[in-house]
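Here is the structure we will look at.
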Amino acid sequence: MEYGSKLVFHVKGPDDVGKLKSFPVKYRAIDIIIDNPSLSKRDVIEILRDYVLTNHFRTIKIWVMRR
Amino acid sequence: MGDEEMKIDFIITTDRSMMTNHHGYEFIGFMTTSPPIGIPESIWNWISMPRPKVDEYGRPVEAPYGLRKIEASLQDAGYDAYVVDPDYIDRYIDSSKAILIGHHDYFALGPPSSEWWVITGREPVNSRSFKRFMNSKAMVKARENGLKFIVGGPAAWQWLWCPELIDLWKIDAIIDGEAEKVIVDIADRILNNEPLPLYTYVGVDDVPSIDEIPIIKHASVNGLVEIMRGCPRRCKFCSVTLRPLRHIPVEKIIKEIEVNLAYGVNGAILHSEDVFLYGADGIIPRPEPILKLHKEVMERVYSIAWSHVSLATIKYSEEKYRLVSKVMDIIYDKQDYIGVEVGIETGSRKLAKKIMPAKAAPYNPDLWPDIVIDAFRIMSENNIIPAATLIVGLPGEDEEDIIETIELIERLREYPSLIVPMYFVPMGYFKDRSWYLKEKIEGPLRELGEICLKHDFYWAEKILTKYYIKTSLKNPSSYILKILLRLLLRILRTMAGVKTEAHEEKSPRK
Numbered sequence: 012m013e014y015g016s017k018l019v020f021h022v023k024g025p026d027d028v029g030k031l032k033s034f035p036v037k038y039r040a041i042d043i044i045i046d047n048p049s050l051s052k053r054d055v056i057e058i059l060r061d062y063v064l065t066n067h068f069r070t071i072k073i074w075v076m077r078r
Numbered sequence: 031m032g033d034e035e036m037k038i039d040f041i042i043t044t045d046r047s048m049m050t051n052h053h054g055y056e057f058i059g060f061m062t063t064s065p066p067i068g069i070p071e072s073i074w075n076w077i078s079m080p081r082p083k084v085d086e087y088g089r090p091v092e093a094p095y096g097l098r099k100i101e102a103s104l105q106d107a108g109y110d111a112y113v114v115d116p117d118y119i120d121r122y123i124d125s126s127k128a129i130l131i132g133h134h135d136y137f138a139l140g141p142p143s144s145e146w147w148v149i150t151g152r153e154p155v156n157s158r159s160f161k162r163f164m165n166s167k168a169m170v171k172a173r174e175n176g177l178k179f180i181v182g183g184p185a186a187w188q189w190l191w192c193p194e195l196i197d198l199w200k201i202d203a204i205i206d207g208e209a210e211k212v213i214v215d216i217a218d219r220i221l222n223n224e225p226l227p228l229y230t231y232v233g234v235d236d237v238p239s240i241d242e243i244p245i246i247k248h249a250s251v252n253g254l255v256e257i258m259r260g261c262p263r264r265c266k267f268c269s270v271t272l273r274p275l276r277h278i279p280v281e282k283i284i285k286e287i288e289v290n291l292a293y294g295v296n297g298a299i300l301h302s303e304d305v306f307l308y309g310a311d312g313i314i315p316r317p318e319p320i321l322k323l324h325k326e327v328m329e330r331v332y333s334i335a336w337s338h339v340s341l342a343t344i345k346y347s348e349e350k351y352r353l354v355s356k357v358m359d360i361i362y363d364k365q366d367y368i369g370v371e372v373g374i375e376t377g378s379r380k381l382a383k384k385i386m387p388a389k390a391a392p393y394n395p396d397l398w399p400d401i402v403i404d405a406f407r408i409m410s411e412n413n414i415i416p417a418a419t420l421i422v423g424l425p426g427e428d429e430e431d432i433i434e435t436i437e438l439i440e441r442l443r444e445y446p447s448l449i450v451p452m453y454f455v456p457m458g459y460f461k462d463r464s465w466y467l468k469e470k471i472e473g474p475l476r477e478l479g480e481i482c483l484k485h486d487f488y489w490a491e492k493i494l495t496k497y498y499i500k501t502s503l504k505n506p507s508s509y510i511l512k513i514l515l516r517l518l519l520r521i522l523r524t525m526a527g528v529k530t531e532a533h534e535e536k537s538p539r540k
């Protein structure tokens, strides 16, 4: 989904990060929603580390949803 | 007002290796990046990270500049947020909502800590100090009480490489980048009990503009004030260059210096990636802003230091405008030298073109070694003492590159300076703790290390005794400090097996 100039992207596991990488660099900011309660914070960081370290331009926020 | 009347919703703090003024000698702070060598850790820590003076509420008189900026942002937004010394945070655990922590090098993964770690095989004191702090009784109680933990600062990226500690220490939010704006939203969310982003990278659209950068409310360590943010040179190994370039107006700089003076901090460290680019037209220095800045600052403070200058700017400023000499004329009224960090990085023309093509600008990067020599000569003639870094072990570096660097360092031997090789340590080596570098420093790399050690041992004691530590009856600990540092230098020289030779020294300006 796209909200104005911000991309909101849901991640359930490592496979989704590949799709995230395919988005063009046209968004001012990205909210990554972790939609998998079984992932620890450590898991989340390990899945997304390379992505955030190689995208140092836009604001990136990682939100871990807990139900 | 008694202690119990102080209301703090947001405790801003850090561990002892950061919350200290290093006895007023900023350069001694580098000792916190190493494990203790040759002397017990307690003495090493007494030298490098003494406790600061605090007020009746446990708030340090001087605190790291980055923490002061966060404090100012939150106070300007109306929050009860204060920097508190780590020994005093237990007073506020029961009533606070969150603990905000900043650091330059949480886990000793940045240079030069990573280098000392892989060379000695021992964890540097900054990382040890931070772990002690996170496991302290006060922090355990804070976790039990359900306080939120927010971490940030220049080393925020290191949490990405230690994710197990995010779970262990119940870290709620990591902020990577300039946090003055985003911290207000985080604070708002904490007070409203709303979810927090686990990780925020602050992109270019969310960094504060000059008007949005707050003025500190209380004193910074050793009077450090920033005069610029960002850097136009775009070197490939540096993250500062990713930030937008901003020049802080003189009026704003002076206001921060006046804050420091009001708390008895009478010196100023002007922080910039390149002080001589203050007010510049791109990478071309302009004399007027630099002279105005120094006149205004020196009218107010007892002493001044610079954080960084670039060598190409030194050469250009002096040869085009005699600007270095003119600035030093202003400074000489109150002090006989100035210290500064500079980046040589390499003596290889090929690498200079590849990894830092604009570092030589406005000169051609093919001239890089000569630019370095000219800049060192100009600094020596003006009593500017540089502490220079080299980056070695970069991917793509070959033996010829290292030999060119050795040749350059040999040409610098006559100039008073310290030269520290920073060995490039890929993050992967820290994951399996294989001390790769210790075994790999051989051949030309070893020779380069030895030449730098000889250079440094020769000059360090002279710099220490002649310029750096000025003993005074008003400050009795300065005598102890001077004796301990000279002793430490001799122990280190003996351990390293280094014999220094006489240098032909250039006479500094009288």
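Protein chains in written order, with this note's numbering: chain C, 12 to 78; chain E, 31 to 540.
Quick reminder that beta carbons are idealized off the backbone N, C-alpha and C, glycines included.
Problem set entry | Short-range partners of chain E found in the segment 64-77 of chain C, where Cβ spacing is below 9 Å | Taking 9 Å as the Cβ-Cβ cut-off against chain E, the residues of the segment 64-77 of chain C that qualify are 64, 66, 67, 68, 69, 70, 71, 72, 73, 74, 75, 76 and 77.
For this session: Using a cut-off of 8 Å between C-beta atoms, extract the partners of residue 22 of chain C located in chain E.
Result: Here the premise fails: no neighbours, minimum Cβ distance about 12 Å.
Problem set entry | Contacts of residue 55 of chain C in chain E (Cβ-Cβ under 7 Å) | Chain order gives the chain E residues near residue 55 of chain C as 228, where near means a beta carbon separation below 7 Å.
For this session: Have a look at the DSSP bridge pairing and note the partners of residue 21 of chain C.
Result: Answer is C/44, bridged to residue 21 of chain C.
Exercise. Going along the chain, which residues of its own chain have a beta-carbon closer than 7 Å to the beta-carbon of residue 339 of chain E, five neighbours each way excluded?
Worked result: Short of 7 Å from the beta carbon of residue 339 of chain E, and not among the five residues preceding or following it, lie these beta carbons of its own chain, in chain order: 304, 305, 306, 370 and 372.
Problem set entry | Distance, residue 203 of chain E Cα to residue 45 of chain C Cα | Cα to Cα, residue 45 of chain C sits roughly 14 Å from residue 203 of chain E.
Problem set entry | Short CB-CB distance (under 7 Å) between residue 131 of chain E and chain C | No, residue 131 of chain E lies away from the interface with chain C (no Cβ there is under 7 Å from its Cβ).
Problem set entry | With 16 other Cβ atoms within 10 Å as the buried cut-off, status of residue 51 of chain E | Counting Cβ neighbours within 10 Å, residue 51 of chain E comes out buried, since at least 16 surround it.
Exercise. Bridge partners of residue 369 of chain E, per DSSP?
Worked result: In DSSP, residue 369 of chain E forms a bridge with E/415.
Problem set entry | Whole-angstrom C-beta distance between residue 297 of chain E and residue 332 of chain E, which should lie under 8 Å | That pair is a contact at about 6 Å.
Problem set entry | residue 73 of chain C (DSSP reduced to helix, strand or coil) | Looking at residue 73 of chain C - three-state DSSP - the assignment turns out to be strand.
Problem set entry | For residue 462 of chain E, three-class secondary structure by DSSP | Bear in mind that the predicted position of residue 462 of chain E carries a pLDDT of just 48, short of 50, making it unreliable; the figure below should be weighed with that in mind. Coil, per DSSP.
Problem set entry | Where the alpha helix (DSSP H) containing residue 163 of chain E begins and where it ends | First-last of the alpha helix (DSSP H) with residue 163 of chain E: 155-164.
Problem set entry | Residue of E/138, E/160, E/230 and E/165 minimising C-alpha distance to residue 152 of chain E | Distances from the alpha-carbon of residue 152 of chain E to those of E/138, E/160, E/230 and E/165 put E/138 closest.
Problem set entry | Per-residue burial, residue 525 of chain E [other beta carbons within 10 Å of its own, 16 or more giving buried] | Exposed, since its Cβ has fewer than 16 Cβ neighbours within 10 Å.
Problem set entry | Within chain C, partners of residue 194 of chain E - CB distance below 8 Å | Within chain C, 53 have C-beta atoms less than 8 Å from the C-beta of residue 194 of chain E, given in sequence order.
Problem set entry | Per DSSP, the bridge partner or partners of residue 297 of chain E | In the DSSP output, where bridge partners are listed per residue, residue 297 of chain E has E/333.
Problem set entry | Sub-7 Å separation of residue 308 of chain E and residue 342 of chain E beta-carbons | It is not a contact, given that the beta carbons lie outside the stated cut-off.
Exercise. Does the beta-carbon distance from residue 403 of chain E to residue 441 of chain E come in below 7 Å?
Worked result: Contact flag set, yes.
Exercise. Is any beta-carbon of chain C found at less than 7 Å from that of residue 445 of chain E?
Worked result: Taking Cβ atoms only, chain C never reaches closer than 7 Å to residue 445 of chain E, which makes this a no.
Problem set entry | For residue 131 of chain E: DSSP bridge partner residues | Its beta-bridge partners are E/43 and E/181.
Exercise. Of the residues that make up the segment 216-250 of chain E, which ones have a beta carbon closer than 7 Å to any beta carbon in chain C?
Worked result: Cβ contacts with chain C come from 225, 227, 228, 229, 230, 231, 232, 233, 234, 235 and 236.
Exercise. Assuming residue 47 of chain E contacts residue 160 of chain E under a Cβ cut-off of 8 Å, what Cβ separation, rounded to an integer in Å, is found between them?
Worked result: The C-beta distance from residue 47 of chain E to residue 160 of chain E rounds to 7 Å, short enough to fall under 8 Å.
Problem set entry | Sequence-distant residues of its chain with Cβ nearer than 8 Å to residue 69 of chain C (five each side left out) | Cβ within range, chain order: 36, 38, 39, 40 and 41.
Exercise. How about residue 428 of chain E and residue 381 of chain E: are their beta carbons less than 7 Å apart?
Worked result: Taking the C-beta atoms as reference points, residue 381 of chain E is found no nearer than 7 Å to residue 428 of chain E.
Exercise. For residue 107 of chain E, which option in E/165, E/40 and E/123 has the closest C-alpha, if you only look at C-alpha atoms?
Worked result: It is E/40 whose Cα lies nearest to the Cα of residue 107 of chain E.
Problem set entry | Unbroken beta strand (DSSP E) run spanning residue 230 of chain E, endpoints | 229-231 is the extent of the beta strand (DSSP E) around residue 230 of chain E.
For this session: Alpha carbon to alpha carbon, how far is residue 360 of chain E from residue 325 of chain E? Give it in angstroms, no decimals.
Result: Residue 325 of chain E and residue 360 of chain E: Cα-Cα distance of roughly 7 Å.
Exercise. Going by other Cβ atoms of all chains shown within 10 Å of its Cβ, with 16 needed for buried, is residue 122 of chain E buried or exposed?
Worked result: Taking a 10 Å sphere around the C-beta of residue 122 of chain E, we find 16 or more other C-beta atoms and assign the residue as buried.
Exercise. Tell me which same chain residues have a C-beta within less than 7 Å of the C-beta of residue 181 of chain E, skipping the five on either side of it?
Worked result: Counting only Cβ-Cβ distances below 7 Å, and skipping sequence neighbours, we find 131, 189, 201 and 204.
For this session: Could you tell me which chain C residues have their CB closer than 8 Å to the CB of residue 190 of chain E, listed as they occur along the chain?
Result: Residues of chain C with a Cβ closer than 8 Å to the Cβ of residue 190 of chain E are, in chain order, 56, 60, 63 and 64.
Exercise. Within 7 Å (strictly less), CB to CB, does residue 197 of chain E reach chain C?
Worked result: True, the Cβ-Cβ gap to chain C drops below 7 Å.
Exercise. Given residue 334 of chain E, which residues of its chain have a CB within under 8 Å of its CB, disregarding the five upstream and five downstream residues?
Worked result: Excluding sequence neighbours, residue 334 of chain E sits near 297, 298, 299, 300, 324, 327, 328, 361, 364, 365 and 368.
Exercise. Since residue 272 of chain E meets chain C, which of its residues come closer than 8 Å, beta carbon to beta carbon?
Worked result: Those are 67 and 68, listed as they occur along chain C.
For this session: Let me know the secondary structure DSSP gives residue 502 of chain E once reduced to three states.
Result: The answer is strand: DSSP assigns residue 502 of chain E an E or B state.
Problem set entry | Buried or exposed by the 16-neighbour rule on C-beta atoms within 10 Å, applied to residue 475 of chain E | By the neighbour-count rule (16 or more Cβ atoms within 10 Å), residue 475 of chain E is buried.
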